[in-house]
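In what follows, a single structure is set out as structure tokens and then discussed.
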Amino acid sequence: MQGSWIVRQSVGSTPCLLGKAVDCNYIRGPKYLEIDVDIGSSTVANGVLGLVCGVITTLVVDMAFLVQAVSMDELPERLIGAVRVSHVELSSAIVPKLEPDLSATEAK
């Protein structure tokens, strides 16, 4: 993580199991896995978010994702994705306009 000293000290660099730190809702589709993360479910995560929002345009955060093994036959764990979030400008966020799912109405 790159950013101000106070944010680096607050967030740290130790990996965490997101599903144990905050509430998550898992949605599995035929070719995707969506994970909705409720930051508000954790007082600590909410506090860090409040600290980070003021300086988010200065941050560079690297994140990697894997599914935790729960038994020996699931080892070794494998990376399923990674992303770098860099200098986010929250004021430029927009809500996407979604096209209606016509296949659902045609099936009736």
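Its first residue numbered 23, the sequence shown is counted upward by one per residue in this note's numbering. Glycine included, each C-beta is placed from N, C-alpha and C at the ideal position. Here the structure is a predicted model, which means the values were calculated and not measured.
Supposed close pair residue i, residue j - CB separation, criterion 8 Å
{"i": "residue 84", "j": "residue 106", "result": "5 Å"}
{"i": "residue 101", "j": "residue 86", "result": "6 Å"}
{"i": "residue 64", "j": "residue 91", "result": "Going by Cβ atoms, the distance from residue 64 to residue 91 rounds to 24 Å, so no, they are not a contact pair."}
{"i": "residue 10", "j": "residue 99", "result": "Residue 10 lies beyond the residue range present for the chain, which begins at 23 and ends at 130; the question has no answer from this structure."}
{"i": "residue 46", "j": "residue 39", "result": "At roughly 10 Å, the Cβ-Cβ gap does not stay under 8 Å, so residue 46 and residue 39 are not in contact."}
For residue i, the residue or residues it bridges with in DSSP
{"i": "residue 85", "result": "105"}
{"i": "residue 55", "result": "50"}
{"i": "residue 45", "result": "60"}
Whether residue i touches residue j by CB criterion (9 Å)
{"i": "residue 68", "j": "residue 76", "result": "no"}
{"i": "residue 70", "j": "residue 33", "result": "yes"}
Distance cut-off 8 Å: residue i Cβ against heavy atoms of the ligand GTP
{"i": "residue 44", "result": "Of the ligands one can find in the structure shown there are none, so the ligand GTP has no counterpart to examine."}
CB contact check: residue i to chain C, cutoff 9 Å
{"i": "residue 97", "result": "No chain C appears in the structure shown, which is made up of a single protein chain."}
Three or more C-beta pairs below 8 Å linking the stretch 68–81 and the stretch 46–54:
no
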